[in-house]
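Order-wise, the sequence lines are chains A and B. Quick note: the first sequence uses the numbering used here, first residue 88, plus one each step. Quick note: the second sequence uses the numbering used here, first residue 88, plus one each step.
Number of protein chains: 2
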Amino acid sequence: MVIKDPAMKEKQPYKAFLERDIKTIHDLGKKGIIEFVFKAHEAETQEDFNTITTNWFSKAMHPYFKKLCTECIYKPQLELLDYLRANGFKTYIVTGGGIEFVRAVAEKVYGIPPEQVIGSSSKTKFRLKEKKVDVCRIGELNSFDDREEKVVNISLHIGRRPLFVFGNSDGDLRMMQYVLSAEGPRMAMLLHHDDAQREFAYDRDFKLSPLNDALTVANDWGILIVSMKNDWNKVFAFD
Amino acid sequence: MVIKDPAMKEKQPYKAFLERDIKTIHDLGKKGIIEFVFKAHEAETQEDFNTITTNWFSKAMHPYFKKLCTECIYKPQLELLDYLRANGFKTYIVTGGGIEFVRAVAEKVYGIPPEQVIGSSSKTKFRLKEKKVDVCRIGELNSFDDREEKVVNISLHIGRRPLFVFGNSDGDLRMMQYVLSAEGPRMAMLLHHDDAQREFAYDRDFKLSPLNDALTVANDWGILIVSMKNDWNKVFAFD
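Right, dumping it as structure tokens:
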């Protein structure tokens with residue numbers, strides 16, 4: 088976008104991303120970052136966006152672990168997904184991240200096909216051009232898939248109340264409560280990132296995506312807290 | 088609603104539905120009817136709506152065939168769905184009808200689970216009340232799943248371009264063109280209701296849901312027209 092219009096270099100939040108100004112980016116908040124991401128990928132077709140994302144994932148390195156992002160995947164999470172599927176569960180990702188972004192990698196990395204990914208979405212529009220129909224992204228937020236909105240989107244996409252949920256932040260609390268609010272066997276688990284040695288340790292003070300309210304009410308709602316440090320034998324497959 | 092507020096009896100479109108005034112109902116158009124339906128089911132939870140709908144379907148008779156609505160299902164459609172699934176296809180319904188309405192019956196009748204139904208939807212909201220989370224309907228349109236909007240919704244729910252599509256009205260033309268607008272083997276079929284003897288015969292002049300544009304461009308786009316009269320051995324299983 089900056090190549091097309093150099094004046095954007097001086098505009099926020101573009102300037103912050105170009106200059107890797109983490110402080111300013113952080114202050115945008117989770118929703119502000121998602122809105123920027125959608126703006127930056129305006130007008131692309133669904134298939135073009137998928138190609139760009141797949142290419143990006145094929146090279147993107149994690150700055151801390153110095154591994155491909157697609158390798159920084161929790162081994163116990165993969166084992167749990169396999170276990171659920173082996174027992175007849177249909178597994179979904181419900182993410183605050185971009186729905187098409189996560190869809191591009193979910194099948195390869197988690198064995199979850201695109202139609203079983205729910206996430207934040209940009210508005211899109213139908214385009215008929217030169218006898219070809221495409222779906223194009225509009226640089227505007229359609230849904231910010233966080234907190235209450237996760238429940239609304241599960242209802243829209245899945246159409247029934249899930250039986251089991253695993254989350255790791257306050258953004259997941261509402262869907263945990265949704266899963267637990269009905270009769271029959273139901274289960275909600277919450278990952279606590281408390282392992283500074285093998286991963287990271289953070290919870291109530293992480294402003295961008297805190298784990299605060301969920302920790303507070305977990306016991307009262309019967310949400311099982313999983314400690315990365317104490318309960319996970321291995322964190323990553325590469326460990 | 089009329090029991091709660093008798094004044095509604097005199098208000099349109101409520102009056103028309105209460106008096107079975109088909110002319111006025113017809114003039115509302117497909118979208119107007121959907122909007123009324125959503126208004127009439129405001130405030131219900133997802134599960135309550137499902138119960139009401141399931142009960143309704145257990146008794147609802149087709150006024151012309153004098154059979155349960157759930158029996159008025161095309162036999163060749165069931166055979167095609169079975170054939171596709173036996174060959175590794177994941178089958179979806181993409182309907183102009185209410186998404187939760189069709190979901191209540193799709194698995195039993197078509198073998199299609201709720202999460203593989205896409206349709207017109209009302210807005211919904213998260214509710215936390217007496218330590219119970221529910222999703223409640225708001226009496227407002229979220230998406231009218233017709234024409235271009237079907238393509239946008241397929242993109243949101245499925246996240247990739249389908250390979251095969253079967254439709255029966257102009258409301259399906261855009262998704263047929265979407266399916267056909269990419270490389271590789273792809274197929275679109277269009278049912279022509281031309282069998283006044285065993286079902287009905289209508290196309291260009293049916294105002295509520297015409298088959299006009301799609302008939303006109305079918306040949307040019309490579310859409311295969313299926314004649315109910317000439318191509319279908321049986322129409323209903325009860326024939």
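Heads up, the beta-carbon is just placed ideally off N, CA and C, and yes, glycines get one too.
What R247 (chain A) touches in chain B, judged by beta-carbon distance under 7 Å, is P201, going in chain order.
Collapsing the DSSP output to three states places V181 (chain B) in a strand.
Between K219 (chain B) and S208 (chain A), the CB-CB gap reaches or exceeds 7 Å. In chain order, I225, E227 and N229 place their CB closer than 7 Å to the CB of K210 (chain B), counting only its own chain and leaving out the 5 sequence neighbours on each side.
Here V304 (chain A) is exposed: its Cβ has fewer than 16 other Cβ atoms, across all protein chains shown, within 10 Å.
For T211 (chain B), at least one C-beta of chain A is nearer than 7 Å to its own C-beta.
Residues of chain A whose Cβ lies closer than 8 Å to the Cβ of V238 (chain B) are, in chain order, F213, V220 and V222. Taking 7 Å as the Cβ-Cβ cut-off, the region 263-296 of chain A approaches chain B at Q264, Y265 and S268, given in chain order. Interface residue (Cβ-Cβ distance to chain A less than 7 Å): R107 (chain B) is not classified as such. F287 (chain B) and H280 (chain B) have their C-alpha atoms some 6 Å from each other. Along the region 104-136 of chain B, going in chain order, the ones with a CB nearer than 8 Å to a CB of chain A are Q133 and E134. Taking the CA atoms as reference points, I180 (chain A) sits about 10 Å from V252 (chain A). DSSP, read as helix, strand or coil, puts N229 (chain A) in strand.
Sorting B:V266, B:L243, B:R285 and B:E129 by C-alpha distance to the C-alpha of G206 (chain A) places B:L243 at the top. Beta-bridge partners assigned by DSSP to D326 (chain B): none are found. Residue pairing by DSSP leaves S242 (chain A) without any beta bridge partner. For I109 (chain B), the secondary structure class from DSSP, reduced to helix, strand or coil, is helix.
Taking G185 (chain A) as reference, the option from A:A173, A:V204, A:K195 and A:Y170 with the minimal CA-CA separation is A:V204. In the three-state DSSP reduction, S268 (chain A) falls in the coil class, being neither helix nor strand. Chain-order list of chain A residues neighbouring E194 (chain B): empty, with the shortest C-beta distance near 10 Å, by a criterion of under 7 Å. DSSP lists no beta-bridge partner residue for G206 (chain B). Counting only the Cα atoms, D290 (chain A) lies some 12 Å from A283 (chain A). Interface flag for E235 (chain A) against chain B is set, since a Cβ pair is found closer than 7 Å. Taking the CA atoms as reference points, V239 (chain A) sits about 36 Å from F293 (chain B). DSSP links G254 (chain A) through a beta bridge to A:L277.
With respect to chain B, the C-beta atom of S256 (chain A) has no partner C-beta closer than 7 Å. For L167 (chain B), the uninterrupted alpha helix (DSSP H) run begins and ends at K162 to A173, by DSSP. With respect to T157 (chain A), F176 (chain A) sits apart: the two C-beta atoms are not nearer than 7 Å. Taking 7 Å as the threshold, the shortest C-beta distance from S242 (chain B) to chain A falls below it. For K118 (chain A), the secondary structure class from DSSP, reduced to helix, strand or coil, is helix.
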